[in-house]
Each structure stands twice: as structure tokens, then as C-alpha cells.
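Have a look at the structure below before the remarks.
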Amino acid sequence: MPIVNILVTREGTTPGADRTTDEQKAAVYKGIADLLFDVMGKPREETTVVFHEHGIADLGQGGLPLRDYRASRA
């Protein structure tokens with residue numbers, strides 16, 4: 001049984017959105033199940049996808065809090 005973990009920041013993809021919508025998550029779940037079936041022959045009904053959303057303060061990149069890293073690259 002494939003288990004796929006998706007980790008994203010808790011930021012929306014459109015202005016004013018503060019998280020991934022249920023509709024977007026559903027599309028990700030279907031897309032991952034379809035991809036694993038198409039590429040590896042894994043049955044869709046056996047594929048589990050776990051969606052993790054994290055606050056931006058919970059992540060770091062390049063040795064910095066993610067917010068500071070992004071500011072340094074802007």
C-alpha cells in the first residue's frame with residue numbers, strides 16, 4: 001500500500017486564502033492516486049495520501065526561519 005505524505009505551508013494559493021481548500025486537497029488526493037496508478041500500477045483504492053499543513057513559523061530554510069529566508073531572497 002503506497003502512503004504519500006504531502007507537506008505544505010499553511011498559506012493559501014490565492015490572495016486572501018490562509019490555507020489549502022478542501023477542493024484543492026481532493027484534487028491532490030485524486031492526482032496522486034492517478035499518478036501512482038499510471039506510473040507504477042498501484043491500485044488507487046490502496047493509495048493513502050496524508051496532507052500536512054504547517055504554519056510558516058514551523059519551517060526554516062537555509063539556516064533561517066522561512067519568513068526571513070524568503071525576505072532575504074526578495
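Going by full-length UniProt numbering, the sequence shown opens with residue 1, and the numbers climb by one from there.
No residue lacks a Cβ here, since even glycine has one placed at the ideal position from N, Cα and C.
1. Does the structure place the segment 7 to 25 close enough to the segment 44 to 56 that three or more beta carbon pairs sit under 8 Å?
2. Just curious, the beta strand (DSSP E) that Glu53 is in, first and last residue?
3. Our contact map puts Lys42 next to Pro2 with C-beta atoms below 8 Å; I'd like the distance itself, whole angstroms only.
4. So what's Leu59 in DSSP terms, helix, strand or just coil?
5. Between which two residues does the beta strand (DSSP E) harbouring Thr9 extend?
According to the structure shown:
1. yes
2. 48 to 54
3. 5 Å
4. coil
5. Note, Thr9: beta strand (DSSP E), 3 to 9.
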